[in-house]
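Data first, discussion second: the structure below is written as structure tokens.
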Amino acid sequence: MPTITWDDFMKVELRVGRVLSAEPFAQARKPAYILHVDFGPEIGTRKSSAQITALYAAEQLVGRLVMAVVNFPPKQIGPLMSECLVTGFHNAQGHVALCVPDQDVPLGTRLL
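Quick note: the sequence shown uses the working numbering, first residue 865, plus one each step.
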């Protein structure tokens, strides 16, 4: 595995946000939700497509904290302009489990 420098790591803005809404992304090629995530006053609300339908119902996501990369350029995913990348891990069945803080932290807090 290649190593990176501290400066490389510091380029990635991994921030905590709270899911405001989650709705099925009908036009996605693979089952996904459109998430609206609040990252606090400095960053604001961002949209993302998340392929997490196997483990989460849309209504379970609202109010949850998530970790997302907020400094990628926007990416067109079908009709959606994704503005952040919500992070997760594949479980043994290949389904994505969200990467989340285990304590409540202020919105917009950066992972260090």
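We put the beta carbon where it would ideally sit given N, CA and C, even for glycine. Keep in mind that this is a model prediction, so the values were computed, not measured.
### Query
DSSP state of Gln924, grouped into three classes?
Gln924 falls in the helix class under three-state DSSP.
### Message
Taking the beta carbon of Ile868 as the centre, do at least 16 other beta carbons fall within 10 Å, making it buried, or is it exposed?
### Response
The residue in question, Ile868, is exposed, as its Cβ has fewer than 16 Cβ neighbours within 10 Å.
#### Entry: Whether Ala890 touches Tyr897 by CB criterion (7 Å)
Their beta carbons are not under 7 Å apart, which means Ala890 does not touch Tyr897 by this criterion.
### Message
For Val934, which residues in the same chain have their Cβ closer than 7 Å to its Cβ, ignoring the five residues on either side in sequence?
### Response
Residues Glu877, Arg879, Phe903, Ile907, Arg910 and Cys948 of the same chain have their beta carbon placed closer than 7 Å to that of Val934, with the five preceding and five following residues left out of the count.
### Query
When you compare only the Cα positions, how much space is there between Met945 and Pro938?
Straight-line Cα distance between these residues: approximately 6 Å.
### Task
Starting from Met945, trace the alpha helix (DSSP H) both ways and give me its first and last residue.
Here Met945 belongs to no alpha helix (DSSP H); instead the beta strand (DSSP E) covers Leu944 to Ser946.
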